[in-house]
Amino acid sequence: DREEVPLTTVVDGTAVRVEQPPADPQLRSRPMAMGVKPGVQLEVLRRGRPGGILHLACGALEFMLRREHAEQLVVSLPVG
């Protein structure tokens, strides 16, 4: 079983699985172009100042994502 949460709630150093990209097509295009799609594993490396950007890794790719984009990205955490 897995618990689904917005990416913004995940603590640094946690690996998660992408369940659902942002619903807004404008926000969906950038992550999808980088290969961030359902089923892919992401790791939250660190976050900027409160309310700031998230530094993420998707395989060998590292990138930054604004909080408003990350808020709409649904991921799942392993339960148990």
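Just so we're aligned, residue 137 is where the sequence shown starts under this note's numbering, counting upward by one. Note that the Cβ used here is the ideal one computed from N, Cα and C, for glycine as well.
Find the nearest neighbour of residue i within the set the options, judged by alpha-carbon distance.
i    : options                : result
Q208 : P158, V146, T150       : P158
E198 : L163, P142, R153, R182 : R182
R202 : A193, K173, L163, P214 : L163
M170 : C194, D160, V147, G149 : C194
L190 : G149, R138, E140, E139 : G149
E204 : K173, L178, P214, P167 : P167
Quick check on DSSP: helix, strand or coil for residue i?
i    : result
P161 : helix
R166 : helix
Mind checking whether residue i and residue j have CB atoms under 8 Å apart?
i    : j    : result
V154 : V180 : no
V210 : V146 : no
What is the residue span of the alpha helix (DSSP H) that residue i lies within?
i    : result
E204 : 203-206
What are the boundary residues of the beta strand (DSSP E) that residue i is part of?
i    : result
P142 : 138-142
L209 : Segment: none, L209 is in no beta strand (DSSP E) and carries neither H nor E.
R93  : Examination of residue 93 is not possible in this model, given that the chain is present from 137 through 216 alone.
V180 : 177-183
A193 : 190-194
Answer with yes or no whether the minimum CB distance from residue i to chain B is below 8 Å.
i    : result
E140 : Absent from the structure: chain B. Only one protein chain is present.
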